[in-house]
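A short write-up of the structure that comes next.
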Amino acid sequence: MTKTKTMYSIPYILWLLLFVVAPVLLIVYQSFTDIDGAFTVGNYGKYFTSSTALRMTFNSLLYAGIITAAVLLISYPTAYFLSRTVHKQLWLMLIILPTWINLLLKAYAFIGIFSVNGTINNFLEFAGIGRQQILFTDTSFIFVAAYIEIPFMILPIFNALEEMNPSLISASRDLGANTWQTFQRVILPLSMNGVRSGVQAVFIPSLSLFMLTRLIGGNRVITLGKAIEQHFMVTQNWGMGSTIGVILILSMVAIMLLTGEKKRRKGGNRA
Amino acid sequence: MRNLKVLFVGIIAIICVLFVTSRQMRTSQGHTGDNTLTIYNWGDYIDPELIKKFEQETGYKVSYETFDSNEAMFTKIQQGGTAYDLTIPSEYMIQKMMAEEMLIPLDYTKIKGIENIDSRFMDLDFDPENKYSIPYFWGTLGIIYNDKFVDGENIQHWDDLWKEELRDSVMLFDGAREVIGLALNSDGESLNSKDDELLAQAARKLAKLPDNVKAIVADEIKMYMINEEASVAVTFSGEASEMLDNNEHLHYVIPSEGSNVWFDNIVIPKTTRNIDGAYAFINFLLVPENAAQNAEYIGYSTPNKEAMGLLPEEIIEDEQFYPPDEVINHLEVYEDLGVEYIGIYNDIFLEFKMHRR
Chain H
4 MTKTKTMYSI PYILWLLLFV VAPVLLIVYQ SFTDIDGAFT VGNYGKYFTS
54 STALRMTFNS LLYAGIITAA VLLISYPTAY FLSRTVHKQL WLMLIILPTW
104 INLLLKAYAF IGIFSVNGTI NNFLEFAGIG RQQILFTDTS FIFVAAYIEI
154 PFMILPIFNA LEEMNPSLIS ASRDLGANTW QTFQRVILPL SMNGVRSGVQ
204 AVFIPSLSLF MLTRLIGGNR VITLGKAIEQ HFMVTQNWGM GSTIGVILIL
254 SMVAIMLLTG EKKRRKGGNR A
Chain W
5 MRNLKVLFVG IIAIICVLFV TSRQMRTSQG HTGDNTLTIY NWGDYIDPEL
55 IKKFEQETGY KVSYETFDSN EAMFTKIQQG GTAYDLTIPS EYMIQKMMAE
105 EMLIPLDYTK IKGIENIDSR FMDLDFDPEN KYSIPYFWGT LGIIYNDKFV
155 DGENIQHWDD LWKEELRDSV MLFDGAREVI GLALNSDGES LNSKDDELLA
205 QAARKLAKLP DNVKAIVADE IKMYMINEEA SVAVTFSGEA SEMLDNNEHL
255 HYVIPSEGSN VWFDNIVIPK TTRNIDGAYA FINFLLVPEN AAQNAEYIGY
305 STPNKEAMGL LPEEIIEDEQ FYPPDEVINH LEVYEDLGVE YIGIYNDIFL
355 EFKMHRR
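Sequence order for the protein chains is H and W.
My numbering puts the first residue of the first sequence at 4, with every later residue one more than the last.
My numbering puts the first residue of the second sequence at 5, with every later residue one more than the last.
Here it is in structure tokens:
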């Protein structure tokens, strides 16, 4: 019996080794090689002493943070009201629908909307405000990034709200809590799991967005993803590119730990 | 659960059908292995009519793949995998590929029509005696401006990009060599400089530019300039010629103090499996009529002097694209700087991009 069990697990273990463990080890190994392939810790030294690299890291974290906050702000209420509507599946479908369209197509569509002769500027002109520079600004970059990430935040929050036992809410009411108290003490803590996975699903990819930084941000916003692309494709300095990759992986681990469930605090929500 | 099963079976069935039809389409088009010629070229960099003509004349079937940067092409060919028979890198990349021994030396007994190429573009430093490569197109880096927004008199030199009046209206090409090269050229220095002091000076000069820079993009410059999103851009002559065709307010200038001249040459990489087909295609492109047709379609400057005779006069007399010799003499080819200086150039460029408006 146990033998067949191990037999069944072989494909999964191979998969994990080949496509998860091995690539990560290769990246870590590469990050300790210099441009000629010799062993060095210089890449890390260079990274942590270069003001450009550190500023870039700070910028990436800042933008990813702003994008995540914006997405959360929009998604939580959406998911909340969604879980209380009649045609849930239909609405959910409409929210997921944009993810069926290729990211690049959406980016190009936004170029059309934001450009000097685009839809928004035509409207602003018509309204007497006059044309504005929208494309290539921080605002437009954050807007488009948030737009793209929203479904990935709504879904986990929606699921968490759906799974909640409605009798808990009735109980809270019966015990005299008003709507706000019910939300704050019952609904919010119980949906925190959804929020956590949503934040992870949005923050982590936002750290390494790079097509959008060029198409919408006009390369005026530089993220770590962009730097990795440059090191691999242009300078061919795979060591330095891998070093940034390792730092991205580590920061993602940190995010997971920070937002992950805190099991030690038993009965965490004291509500 | 049943639904899931149906979904999976459906997906697998669709994959099978697509696979079989694509195989059948390939064989019905005559792709049988031996007679396929795989060309790896820049996007939109050949008149598609010519490929059809070549297939009809020679019976080879062309499989045409594209790349968007020399570096991407280099990486893909180095990794192997696809049997590319021909590719068209720029000169500095040819140097690098020669050094990595990725190219096959050309056998001139199999090439007809090499005498059609202007001798000015043969035997250049990056490939002495053209041992590995044959010129395909050449061009320059310059400034394109829209006369609706700026006065052409004020946009003749690289230094003009720093002018106050261009605040937030310049688009730069997203390349370290191009941007640092123009900063070096603007001070009369060589764009291949390996002098740390000069590079530091160029970096300081570039630090004053971001206020004027609207965006640092690549191919999109074409679309933005035609749609008048920006008034000035730094771009290549070939791209510029296409923009000029689409918007009559645009003009292209090669700064006389110096700029980059680039060559895209045809090479045969070692991945080739159809070397006869590769030579047949080279010979086909050397025929003046074909070269002229290609030059008219793409708008870059052709090195084929026989073909120039076949082009309409307004094309070959246009100094924007066929500049006089005194301008050509100030132009420089990008040399392969070696890994160390490529790294330094890129660090300066990254630093430049980090500047906030």
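Note that CB positions come from ideal geometry on N, CA and C, so glycine has one too.
Computed from a predicted model, the values in this text were never measured in an experiment.
Problem - Reduced DSSP category for residue 69 of chain W - H, G, I as helix; E, B as strand; rest coil - result: Strand.
Problem - Cβ of residue 120 of chain H within 8 Å of any chain W Cβ - result: Interface residue, yes.
Practice task
Give me the Cα-Cα distance between residue 18 of chain W and residue 274 of chain W, rounded to the nearest whole angstrom.
Solution key: Approximately 37 Å, taken between the alpha carbons.
Exercise for the section: Can you give me, in chain order, the residues of the stretch 230-241 of chain H that have a beta carbon less than 9 Å from any beta carbon in chain W? Expected result: Residues 230, 233, 234, 235, 236, 237, 238, 239, 240.
Handout entry: CB of residue 75 of chain H within 8 Å of CB of residue 202 of chain H, strictly
Key = In contact: residue 75 of chain H and residue 202 of chain H (Cβ atoms closer than 8 Å).
Handout entry: Where residue 62 of chain H falls: helix, strand or coil (DSSP)
Key = If DSSP states are grouped into helix, strand and coil, residue 62 of chain H belongs with the helices.
Practice task
Please name the residue or residues paired with residue 46 of chain W in a DSSP beta bridge.
Solution key: Partner(s): W:71.
Practice task
Using beta-carbon positions only, say whether residue 241 of chain W and residue 256 of chain W come within less than 8 Å of one another.
Solution key: Yes, the pair counts as a contact, with Cβ atoms nearer than the cut-off.
Exercise for the section: Taking C-beta pairs closer than 9 Å, name the residues in chain H that residue 73 of chain W reaches, listed in chain order. Expected result: Going along chain H in sequence order, the residues near residue 73 of chain W (Cβ under 9 Å) are 236, 237.
Handout entry: Beta-carbon spacing of residue 162 of chain W, residue 259 of chain W below 8 Å
Key = Yes. Within cutoff.
Handout entry: For residue 145 of chain H, the first and last residue of its enclosing alpha helix (DSSP H)
Key = Taken as a continuous stretch (DSSP letters only), the alpha helix (DSSP H) holding residue 145 of chain H covers 141-166.
Exercise for the section: Would you decide whether residue 96 of chain H is buried or exposed? Buried here means 16 or more other CB atoms lie within 10 Å of its CB. Expected result: Exposed, since its Cβ has fewer than 16 Cβ neighbours within 10 Å.
Problem - For residue 139 of chain W, the three-state DSSP class (helix, strand or coil) - result: Strand.
Practice task
Answer yes or no: do residue 263 of chain W and residue 146 of chain W have a C-beta to C-beta separation smaller than 8 Å?
Solution key: The Cβ-Cβ distance between residue 263 of chain W and residue 146 of chain W falls below 8 Å.
Practice task
Quick one: using the 10 Å Cβ neighbour count with 16 as the cut-off for buried, is residue 259 of chain H buried or exposed?
Solution key: Flag for residue 259 of chain H reads exposed.
Practice task
Count the other CB atoms, across all protein chains shown, that sit within 10 Å of the CB of residue 251 of chain H; report buried if there are 16 or more and exposed otherwise.
Solution key: The residue is buried, with at least 16 neighbouring Cβ atoms inside 10 Å.
Practice task
For chain W, find out if any of its Cβ atoms is closer than 8 Å to the Cβ of residue 68 of chain H; answer yes or no.
Solution key: Residue 68 of chain H does not count as touching chain W.
Handout entry: For residue 70 of chain H and residue 115 of chain H, the rounded distance between their alpha carbons
Key = Looking at the two C-alpha atoms, the distance is approximately 22 Å.
Practice task
Taking the CB atoms as reference points, tell me whether residue 52 of chain H and residue 358 of chain W lie closer together than 8 Å.
Solution key: The answer is no: Cβ separation not under 8 Å.
Exercise for the section: Apply the 10 Å Cβ neighbour rule to residue 75 of chain W and answer buried if 16 or more other Cβ atoms are within range, or exposed otherwise. Expected result: Counting Cβ neighbours within 10 Å, residue 75 of chain W comes out buried, since at least 16 surround it.
Exercise for the section: With a 10 Å radius around its C-beta and 16 neighbouring C-beta atoms as the bar for buried, classify residue 243 of chain W as buried or exposed. Expected result: Burial is judged here by how many other beta carbons sit within 10 angstroms of a residue's own beta carbon; residue 243 of chain W has at least 16 and is buried.
Problem - Between the CA atoms of residue 159 of chain H and residue 119 of chain H - distance to the nearest angstrom - result: If you take the alpha carbons of residue 119 of chain H and residue 159 of chain H, they lie about 37 Å apart.
Exercise for the section: At 3 residues or longer, and completely inside the stretch 128-172 of chain W: list those beta strand (DSSP E) runs for me, N to C. Expected result: Runs of beta strand (DSSP E) with 3 or more residues, each lying fully within the stretch 128-172 of chain W, are found at 137-150, listed in chain order.
Exercise for the section: Kindly indicate if chain W contains any beta-carbon less than 8 Å away from that of residue 45 of chain H. Expected result: For residue 45 of chain H, the nearest beta carbon of chain W is not closer than 8 Å to its own beta carbon.
Practice task
Look at the alpha carbon of residue 303 of chain W and the alpha carbon of residue 246 of chain W, and state the distance between them as a whole number of angstroms.
Solution key: Whole-angstrom Cα-Cα distance: 7 Å.
Problem - Beta-carbon proximity list for residue 44 of chain H, same chain, < 7 Å, skipping 5 on both sides - result: Within the same chain, residue 44 of chain H has close Cβ partners 35.
Problem - chain H contacts from the stretch 217-230 of chain W (Cβ-Cβ distance under 9 Å) - result: Look at the stretch 217-230 of chain W: the residues with a C-beta under 9 Å from a C-beta of chain H are 217, 218, 219, 220, 221, 222, 224, 227, 228.
Handout entry: Of the listed residues H:24, H:248, H:212, nearest to residue 63 of chain H (C-alpha basis)
Key = It is H:212 whose Cα lies nearest to the Cα of residue 63 of chain H.
Practice task
Select from W:351, W:121, W:284, W:175 the residue whose C-alpha is nearest the C-alpha of residue 222 of chain W.
Solution key: Selection W:351, W:121, W:284, W:175 evaluated against residue 222 of chain W yields W:175 as nearest (Cα-Cα).
Handout entry: Euclidean distance between Cα positions of residue 55 of chain W and residue 107 of chain W
Key = Each residue's alpha carbon lies about 23 Å from the other.
Practice task
Pull up the distance between the alpha-carbon of residue 207 of chain H and that of residue 155 of chain H, whole angstroms please.
Solution key: About 12 Å.
Handout entry: Range of the contiguous beta strand (DSSP E) that encloses residue 237 of chain W
Key = That run of the beta strand (DSSP E) goes 236-240.
Exercise for the section: Name the two residues that bound the continuous alpha helix (DSSP H) containing residue 236 of chain H. Expected result: Residues 227-236.
Practice task
Say whether the stretch 151-159 of chain W touches the stretch 293-300 of chain W, bearing in mind that this needs 3 or more beta-carbon pairs closer than 8 Å, one atom from each stretch.
Solution key: Short answer: they don't touch.
Exercise for the section: Consult DSSP for residue 1 of chain H and reduce its assignment to one of helix, strand or coil. Expected result: Residue 1 of chain H lies beyond the residue range present for chain H, which begins at 4 and ends at 274; the question has no answer from this structure.
Problem - the stretch 78-88 of chain W / the stretch 48-65 of chain W touching (three or more Cβ pairs under 8 Å) - result: Contact between the stretch 78-88 of chain W and the stretch 48-65 of chain W is absent, because fewer than three Cβ pairs lie under 8 Å.
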